[in-house]
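Just below is one structure, and these are the notes that go with it.
There are 4 protein chains.
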Amino acid sequence: MIIKIDFRDKRPIYEQISEKLQELILCGAIGVDESLPSVRSLAIDLSINPNTIQKAYDNLEQKGFCYSVAGRGRFAAAVSEVMPGKRKEFFEKFDQLLNESATLQLKKEELIDYIKKHN
Amino acid sequence: MIIKIDFRDKRPIYEQISEKLQELILCGAIGVDESLPSVRSLAIDLSINPNTIQKAYDNLEQKGFCYSVAGRGRFAAAVSEVMPGKRKEFFEKFDQLLNESATLQLKKEELIDYIKKHN
Amino acid sequence: MIIKIDFRDKRPIYEQISEKLQELILCGAIGVDESLPSVRSLAIDLSINPNTIQKAYDNLEQKGFCYSVAGRGRFAAAVSEVMPGKRKEFFEKFDQLLNESATLQLKKEELIDYIKKHN
Amino acid sequence: MIIKIDFRDKRPIYEQISEKLQELILCGAIGVDESLPSVRSLAIDLSINPNTIQKAYDNLEQKGFCYSVAGRGRFAAAVSEVMPGKRKEFFEKFDQLLNESATLQLKKEELIDYIKKHN
DNA sequence: GTGGTCTAGACCACG
DNA sequence: GTGGTCTAGACCACC
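In order, the protein sequence lines correspond to chains B, W, S and X. Residue numbers for the first sequence follow my numbering, so the first one is 209 and each next one is one higher. Residue numbers for the second sequence follow my numbering, so the first one is 209 and each next one is one higher. Residue numbers for the third sequence follow my numbering, so the first one is 209 and each next one is one higher. Residue numbers for the fourth sequence follow my numbering, so the first one is 209 and each next one is one higher.
Shown next as structure tokens:
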């Protein structure tokens, strides 16, 4: 479980953790129905207050990336069920950025070229 | 001066104002060396405490979008001086979003198509 | 934490505090990632309004000398990252002073002698 | 009379004018007992409020760089009488900068080299 | 009139 | 406990 917390990041810690787990689930590093680390173990692992981990998991569950079973633990949800929503979110952010690019007088071609060269 | 404040928005008020003015300056709606509304007048206009407006302006000035002259007012800076930096910032955000798109298994072609259709 | 505020000084209080902390960080009196006094405690310590301390810290952070973590506190940044920029600033001021010395018909040798004798 | 006012400069306008005149007198561009431009003419010349020019001259006179004769105008004072005071001021600023250089871990040799290369 | 600083006191999210 | 935002109201220097 490789999670790095950036304390200089302005976003709250619980959000960073939640997002990182989200990525791990989306990319398949954590398979469907696979168990997530317990609140306590992850808290120790990251040297973070358990309350914060709890909040991260609550956030993750609320977004639909995992589900909890009383007395057994927390498990990754099926990606296919969450994907569409995330893509919608993504394109909203993408839209916003495209608007910003217009303000900066950047042409579509420049952006397309940039994408092509990326990675 | 059409600025709308969204109190449901989680971002602080001063940031919303600062960003809105930033756009107005970048897109040329407020020309170089043109005067911005005074702290007090804008405060009354938006029904916001003058201190908050001041903070918004401080933020804007710190980013290089305007300069202030004591006893005279505040004026828009030359966009050309700020542009390069803003573009750099833009591509950093763009990069981040492209990485996210990979996680969501979106192909470059989809993004390019999306851009082409945009607006 | 020895900070003295000079109320006769024309510079604003927040600037005096910011600069003093800046020195403490630059000279290593406050090590990297070491915690700075909290807004409230310093406010009480100096008998200054917390808002003013906050502003001092904002200023310090904006200059890159520290970073803040919500709910945790504020910490000194790595000097090595700020050094180059500060040196550049220094030489700009130095340049300006050298020009002034020319106006006063002071010779380079006099200045060099003065430096040699200094401290 | 070539005086440029920088409105982006944070220093008050009257101070900029006063300082500029001061330089002109110190470097001999305005000779001893030579007349300075009248408040009104300079105000028109610089498109500045006469009150501000007045304040600049008051400042200049108070520093000893000029004297006024009722009904005749204002005249440059003898440089020799002001020089010593200005040099003292200069070295105070110079001292302050040298202290700062120590904080930045700059060696005396670096500063001396810098002076030698200057201009 | 303008920008800028400061105080006092309140509220919120985060850990 | 911490940092951060906001309001209300005051004072100052500058133009």
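Where a beta carbon is used, it is the ideal one built from N, C-alpha and C, also for glycine. All figures in this text were calculated on a predicted structure; none of them were measured in a lab.
query, result
"Apart from the five residues on each side of it in sequence, which residues of its chain come closer than 8 Å, Cβ to Cβ, to W:LYS294?", "LEU234"
"So, under 8 Å CB-CB, W:THR260 and W:ILE221 are touching, yes? Tell me the CB distance rounded to an integer number of Å.", "6 Å"
"Buried or exposed: which applies to S:PRO292, given that a residue is buried once 16 or more other Cβ atoms fall within 10 Å of its Cβ?", "exposed"
"What is the C-beta distance between B:ILE238 and B:ALA285, in whole angstroms, given that I count them as a contact (C-beta under 8 Å)?", "Actually they are not in contact, since the Cβ atoms of B:ILE238 and B:ALA285 sit about 10 Å apart, beyond 8 Å."
"Expressed to the nearest angstrom, what Euclidean distance is found between the alpha-carbon atoms of S:GLU317 and X:LYS301?", "18 Å"
"For W:VAL277 and B:LEU254, what's the separation of their Cα atoms in angstroms?", "49 Å"
"Which residues, taken in chain order from the stretch 259-282 of chain W, show a beta carbon closer than 9 Å to some beta carbon of chain X?", "TYR275, SER276, VAL277, ALA278, GLY279 and ARG280"
"For S:LEU306, which residues in chain X fall below 8 Å Cβ to Cβ?", "ILE323, HIS326 and ASN327"
"Per DSSP, what kind of secondary structure is S:GLY236 in: helix, strand or coil?", "coil"
"X:ARG282 lies in the beta strand (DSSP E); which residues open and close that run?", "281-284"
"Applying the 10 Å Cβ sphere with the 16-neighbour rule, what's the burial state of B:VAL240?", "exposed"
"Report the residue from X:LEU319, X:TYR275, X:ALA264 and X:SER288 whose alpha carbon sits nearest the alpha carbon of X:SER243.", "X:TYR275"
"Just to confirm the assignment, what range does the alpha helix (DSSP H) spanning W:SER288 have?", "287-311"
"Pick out whichever of X:SER288, X:PHE273, X:GLN304 and X:LYS296 has its Cα sitting closest to the Cα of S:PHE298.", "X:GLN304"
"Can a CB atom of chain S be found closer than 7 Å to the CB of X:GLU317?", "no"
"For W:SER255, name the three-state secondary structure that DSSP assigns.", "coil"
"Listing by chain order, which chain X residues have their CB less than 7 Å from the CB of S:LYS301?", "LEU305"
"What residues in the stretch 216-236 of chain B have a beta carbon less than 8 Å from any beta carbon of chain W?", "GLU231, LEU234 and CYS235"
"Less than 7 Å between CB atoms is the rule here; does W:ILE210 satisfy it with respect to chain B?", "no"
"So W:GLU317 is in the alpha helix (DSSP H); what residue range does that whole segment cover?", "316-325"
"If you measure from the CB of S:ARG282, is any heavy atom of the ligand SAM nearer than 6 Å?", "As presented, the structure is devoid of all ligands, the ligand SAM included, so that no description of it is given."
"According to DSSP, simplified to helix, strand and coil, what is X:SER276?", "strand"
"Helix, strand or coil, according to DSSP, for X:SER243 in the structure here?", "strand"
"Let me confirm a value: X:SER288 is counted as buried when at least 16 other C-beta atoms fall within 10 Å, else exposed. Which label applies?", "exposed"
"So which residues of chain X does S:LYS296 contact, with C-beta pairs closer than 8 Å?", "Within chain X, no residue comes near S:LYS296; the closest Cβ sits about 10 Å away, beyond 8 Å."
"Output needed for X:GLY281: all residues of its chain with C-beta closer than 8 Å, excluding positions within five of it in sequence on either side, in chain order.", "SER243, LEU244 and SER246"
"Give the DSSP-derived three-state secondary structure of B:ILE210 in the structure shown.", "coil"
"Residues in its own chain within less than 6 Å of W:GLN230 by CB, not counting five upstream and five downstream?", "PHE273"
"Under three-state DSSP, which class holds X:ASP266?", "helix"
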